[in-house]
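Numbering (our numbering), first residue to last: 20 to 646. C-beta atoms are modelled at their ideal positions from N, C-alpha and C, and glycine is treated no differently. Note that the coordinates shown come from a computational prediction; the quantities given were computed from them, not determined experimentally. See structure below.
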């Protein structure tokens with residue numbers, strides 16, 4: 020593992036409360052995990068076993084609470100629903116905090132209910148410890164405190180059952196046990212780290228992040244995002260059982276205090292999610308599921324309706340078994356299952372870079388295949404496991420490999436989060452890869468990586484060149500433009516892209532070899548307008564086209580210079596240099612009136628350009644206004 024000074028300095032940013040600094044810790048984290056003397060799996064597996072143990076402990080707690088409320092049948096039903104929940108199975112095998120907060124959120128709620136039922140010292144201590152573990156598992160667990168307070172208050176206010184005597188007597192003991200647990204965790208001297216973490220989490224959540232939902236994009240999220248993800252990623256049997264359980268509780272007029280402990284924390288969590296700008300993953304509402312499964316067990320108390328569980332439970336189990344081992348990608352039948360899930364949600368809802376091993380397997384079966392990879396995940400390039408040409412994977416380090424000019428077979432493997440363009444949309448606009456969706460993928464790796472055959476797809480290579488050029492990867496852009504032209508020599512925009520790259524690389528003679536044949540085509544304007552759909556892209560291409568126009572004037576091809584500068588001005592009307600060049604091109608092309616119009620437009624903008632006055636005088640002389 021590298022231990023250079025800068026790398027370890029980057030590690031400091033991992034502790035910063037400023038979200039903008041966290042990304043600087045990525046090189047350190049990746050180097051530590053993937054280049055350590057301990058293998059990556061050797062480090063990750065203990066963490067996964069801890070999560071698995073927490074999941075098993077949670078399963079036991081669910082069974083115990085449901086059995087206390089609804090008997091052995093209720094306990095077994097709740098346990099079965101939990102054990103075969105695709106979302107729980109997915110996160111029980113991942114070394115992340117989402118299952119931990121789910122477990123301790125539930126245990127804290129259960130402990131609070133136990134204390135409410137019988138407020139004794141030992142239960143107060145259990146409540147404090149479980150609440151502390153929840154708070155330590157993830158900073159967003161702070162929502163647990165108002166949830167528990169709300170559940171207790173509603174139970175006291177609306178339930179026909181009265182709480183046990185001396186409810187507040189042992190609350191100081193619960194608070195003390197909570198504080199001591201947190202102090203022990205931070206060894207008494209690093210407690211400020213917890214509050215820094217809470218502050219950092221708040222800032223991170225408050226800044227928002229690009230979100231995608233059913234074809235729509237937002238930088239502040241959609242208020243109903245988590246309701247949508249809940250409906251999409253929960254099995255239909257659980258949706259039905261939960262509805263029945265809730266109806267049964269309302270039918271009983273919510274006389275029991277239990278329903279407030281099952282319902283209110285989930286409602287508060289979902290409600291709070293409505294007001295956060297950060298809406299990127301179903302995993303953030305995972306804590307509602309154990310509470311929901313206990314509520315579902317209510318059906319066993321109805322002599323008539325409990326028969327429905329005999330039909331719905333096998334359906335629920337089948338949903339989990341049929342999707343395995345791809346549980347993270349689960350979507351229910353109303354949304355077309357895992358194959359169609361990416362049309363509705365992406366990011367950690369379906370794509371966390373987990374299907375890379377399946378792509379490796381595919382490539383072993385097709386050894387003659389070259390790969391263009393657009394990957395959404397944490398794996399650094401050298402750990403990918405196969406040779407590939409990177410396409411906007413946003414690795415923390417450069418990956419310079421370029422595929423051969425004439426591959427025998429070439430595929431584009433793209434993560435569905437990349438395909439939907441969620442994190443490209445601020446620069447490229449909504450749905451930037453619409454053109455790729457016009458083609459049918461030939462295969463998939465898991466459900467999160469789609470595989471397209473681009474061996475003979477000139478259009479795909481032209482568009483790849485377009486995006487490479489926008490992101491400054493000029494060698495890649497030139498390769499793709501040349502590949503597109505090798506497949507279809509009539510692709511005018513590919514010729515212009517190649518010319519732009521070569522001109523940027525100070526190779527004007529070679530640029531002309533591509534630009535001159537492209538001059539015969541009259542369709543490039545519309546193509547550019549379709550590609551340039553955001554102000555940033557328009558400004559970028561306006562400058563590039565203006566530079567090509569200058570090259571054409573140097574070659575005395577004034578007609579093409581007019582066309583290129585005219586298009587540059589259309590794309591970016593605020594680029595006065597393009598307008599000046601357009602006027603000069605008009606003048607040299609024998610169109611002085613149009614040149615004068617261009618110069619007058621510049622004057623109206625209030626821009627002083629030393630070249631402008633001289634050429635404006637020449638235009639006036641050409642029109643006979645001056646001698």
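Counting only C-beta atoms, is residue 68 closer than 7 Å to chain B at any point? Included in the structure is just one protein chain, with no chain B present.
Hey, how far is the Cα of residue 438 from the Cα of residue 452? Position 419 of the chain shown holds residue 438. Position 433 of the chain shown holds residue 452. Take the alpha-carbon of residue 438 and the one of residue 452: they are about 6 Å apart.
Please report the straight-line C-alpha distance between residue 596 and residue 236, rounded to a whole angstrom. Counting from one through the chain shown, the residue named residue 596 turns up at place 577. Counting from one through the chain shown, the residue named residue 236 turns up at place 217. Roughly 34 Å separates the two Cα atoms.
Is it true that the stretch 309–325 meets the stretch 60–76, where meeting means three or more beta-carbon pairs spaced less than 8 Å apart? Too few Cβ pairs lie closer than 8 Å, so no.
Give me the residue from 608, 588 and 609 with the minimum Cα distance to residue 599. For the purposes of this step, residue 599 is taken as the residue at position 580 of the chain shown. With respect to the C-alpha of residue 599, the residue from 608, 588 and 609 having the closest C-alpha is 588.
Just checking my contact of residue 534 with residue 514 at CB under 8 Å: how many whole Å lie between their CB atoms? Your numbering for residue 534 matches position 515 in the chain shown. Your numbering for residue 514 matches position 495 in the chain shown. That belief holds up - the Cβ atoms of residue 534 and residue 514 are roughly 7 Å apart, short of 8 Å.
Does the Cβ-Cβ distance between residue 521 and residue 473 come in under 7 Å? Within the chain shown, numbered from 1, the residue matching residue 521 stands at position 502. Within the chain shown, numbered from 1, the residue matching residue 473 stands at position 454. Not closer than 7 Å, so no.
Can you give the beta carbon distance from residue 201 to residue 213, rounded, assuming they're within the 8 Å contact cut? For the purposes of this step, residue 201 is taken as the residue at position 182 of the chain shown. For the purposes of this step, residue 213 is taken as the residue at position 194 of the chain shown. Taking a contact as a CB-CB distance under 8 Å, the pair residue 201 and residue 213 counts as one, their CB atoms being some 6 Å apart.
Check whether the Cβ atoms of residue 567 and residue 583 sit closer than 7 Å, and answer yes or no. Taking the chain shown and counting its residues from 1, the one referred to as residue 567 is at position 548. Taking the chain shown and counting its residues from 1, the one referred to as residue 583 is at position 564. Contact flag set, yes.
Whole-angstrom distance between residue 400 and residue 429, CA atom to CA atom: Along the chain shown, one-based indexing puts residue 429 at 410. Along the chain shown, one-based indexing puts residue 400 at 381. So the alpha carbons of these two residues sit roughly 19 Å apart.
Please return the same chain residues whose Cβ sits closer than 8 Å to the Cβ of residue 493, not counting the five positions on each side in sequence. Here residue 493 refers to the residue found at position 474 when the chain shown is read from its first residue. Excluding sequence neighbours, residue 493 sits near 487, 520, 523 and 524.
In DSSP terms, what residue 388 is bridged to: Residue numbering aside, residue 388 sits at position 369 when the chain shown is read from its first letter. According to DSSP, which records beta bridges pairwise, residue 388 is partnered with 428.
Give me the residue from 570, 565, 79 and 153 with the minimum Cα distance to residue 528. For this step, residue 528 is matched to residue 509 along the chain shown. Of the candidates 570, 565, 79 and 153, the one whose C-alpha sits nearest the C-alpha of residue 528 is 570.
For my contact list, residue 118 and residue 157 are in at a C-beta cut-off of 8 Å; report their separation, rounded to the angstrom. Sequence index remark: in the chain shown, residue 118 carries index 99 (1-based). Sequence index remark: in the chain shown, residue 157 carries index 138 (1-based). Going by Cβ atoms, the distance from residue 118 to residue 157 rounds to 10 Å, so no, they are not a contact pair.
Report the start-end ranges of each alpha helix (DSSP H) in the stretch 482–563 that is 4 residues or longer and not cut off at the edges. Runs of the alpha helix (DSSP H) lying entirely within the stretch 482–563, each at least 4 residues long, are 493–506, 511–523, 527–537 and 543–550 in chain order.
Indicate the three-state DSSP secondary structure (helix, strand or coil) for residue 117 in the structure shown. As a working note, residue 117 is residue 98 in the chain shown. The answer is helix: DSSP assigns residue 117 an H, G or I state.
May I ask whether a heavy atom of the ligand ZN can be found less than 6 Å away from the beta carbon of residue 47? No copy of the ligand ZN occurs in the structure displayed, which carries no ligand at all.
Can you check the stretch 324–381 for any alpha helix (DSSP H) of at least 4 residues that lies completely inside it and give the ranges in chain order? Qualifying alpha helix (DSSP H) stretches, in chain order: 325–342 and 356–359.
Going by DSSP in three states, residue 226 sits in which element: helix, strand or coil? Mapped onto the chain shown, residue 226 falls at position 207. The answer is helix: DSSP assigns residue 226 an H, G or I state.
Go through its chain and collect everything with a Cβ distance to residue 101's Cβ below 8 Å, but skip five positions before and after it. Here residue 101 refers to the residue found at position 82 when the chain shown is read from its first residue. Around residue 101: 77, 78, 81, 107, 308, 309 and 312.
Starting from residue 469, trace the beta strand (DSSP E) in both directions and tell me its first and last residue. Sequence index remark: in the chain shown, residue 469 carries index 450 (1-based). Run containing residue 469: 468–472, per the beta strand (DSSP E) assignment.
Euclidean distance between Cα positions of residue 353 and residue 246: Residue numbering aside, residue 353 sits at position 334 when the chain shown is read from its first letter. Residue numbering aside, residue 246 sits at position 227 when the chain shown is read from its first letter. For residue 353 and residue 246, the distance between alpha carbons rounds to 15 Å.
Give the C-beta separation of residue 336 and residue 325 to the nearest angstrom, bearing in mind that I take them to be a contact with Cβ-Cβ under 8 Å. What you label residue 336 is simply residue 317 of the chain shown in a count that begins at 1. What you label residue 325 is simply residue 306 of the chain shown in a count that begins at 1. Between residue 336 and residue 325, the beta carbon gap of about 17 Å keeps them out of contact (Cβ cut-off 8 Å).
Of the residues 389, 261, 448 and 434, which one's Cα is nearest the Cα of residue 423? Counting from one through the chain shown, the residue named residue 423 turns up at place 404. Residue 423 has its Cα closest to that of 389, out of 389, 261, 448 and 434.
Under the three-state reduction of DSSP, which class applies to residue 439: helix, strand or coil? Here the question's residue 439 lines up with position 420 in the chain shown. Correct three-state label for residue 439: coil.
For the 8 Å Cβ check, are there 3 or more pairs between the stretch 161–173 and the stretch 282–292? They touch, by the three-pair rule.
Which runs of the alpha helix (DSSP H) at least 4 residues long sit entirely within the stretch 105–153? Give them in chain order. The stretch 105–153 contains, as complete alpha helix (DSSP H) runs of 4+ residues, the segments 105–110 and 117–136 (chain order).
Euclidean distance between Cα positions of residue 208 and residue 499: The count along the chain shown starts at 1 and reaches residue 208 at position 189. The count along the chain shown starts at 1 and reaches residue 499 at position 480. Answer to the nearest angstrom: the Cα atoms are 56 Å apart.
Residue 408 - DSSP class collapsed to helix/strand/coil: Reading the chain shown from its first residue, position 389 is the one you call residue 408. In this structure, residue 408 counts as strand in the three-state DSSP scheme.
Taking the alpha-carbon positions, what's the residue 411 to residue 204 distance? For the purposes of this step, residue 411 is taken as the residue at position 392 of the chain shown. For the purposes of this step, residue 204 is taken as the residue at position 185 of the chain shown. The alpha-carbon atoms of residue 411 and residue 204 are separated by roughly 40 Å.
Exposure label - residue 621; buried when at least 16 CB within 10 Å: Along the chain shown, one-based indexing puts residue 621 at 602. Classified as buried, residue 621 has 16 or more neighbouring CB atoms from the shown chains inside 10 Å of its CB.
Which first and last residues belong to the beta strand (DSSP E) in which residue 462 is found? Within the chain shown, residue 462 is the residue found at index 443, counting from 1. Element bounds for residue 462: 462–464.
Would DSSP call residue 238 helix, strand or coil? Against the chain shown, residue 238 aligns to sequence position 219. Looking at residue 238 - three-state DSSP - the assignment turns out to be coil, as it is neither helix nor strand.
When you compare only the Cα positions, how much space is there between residue 295 and residue 218? Along the chain shown, read from residue 1 onward, the residue named residue 295 stands at position 276. Along the chain shown, read from residue 1 onward, the residue named residue 218 stands at position 199. Cα to Cα, the separation comes out at about 15 Å.
What does the Cβ neighbour count give for residue 188, buried or exposed, with the cut at 16 atoms within 10 Å? Along the chain shown, one-based indexing puts residue 188 at 169. Answer is exposed; the Cβ neighbour count stays below 16.
Helix, strand or coil: which one does DSSP assign to residue 244? Here residue 244 refers to the residue found at position 225 of the chain shown. DSSP, reduced to helix, strand and coil, places residue 244 within a helical segment of the structure shown.
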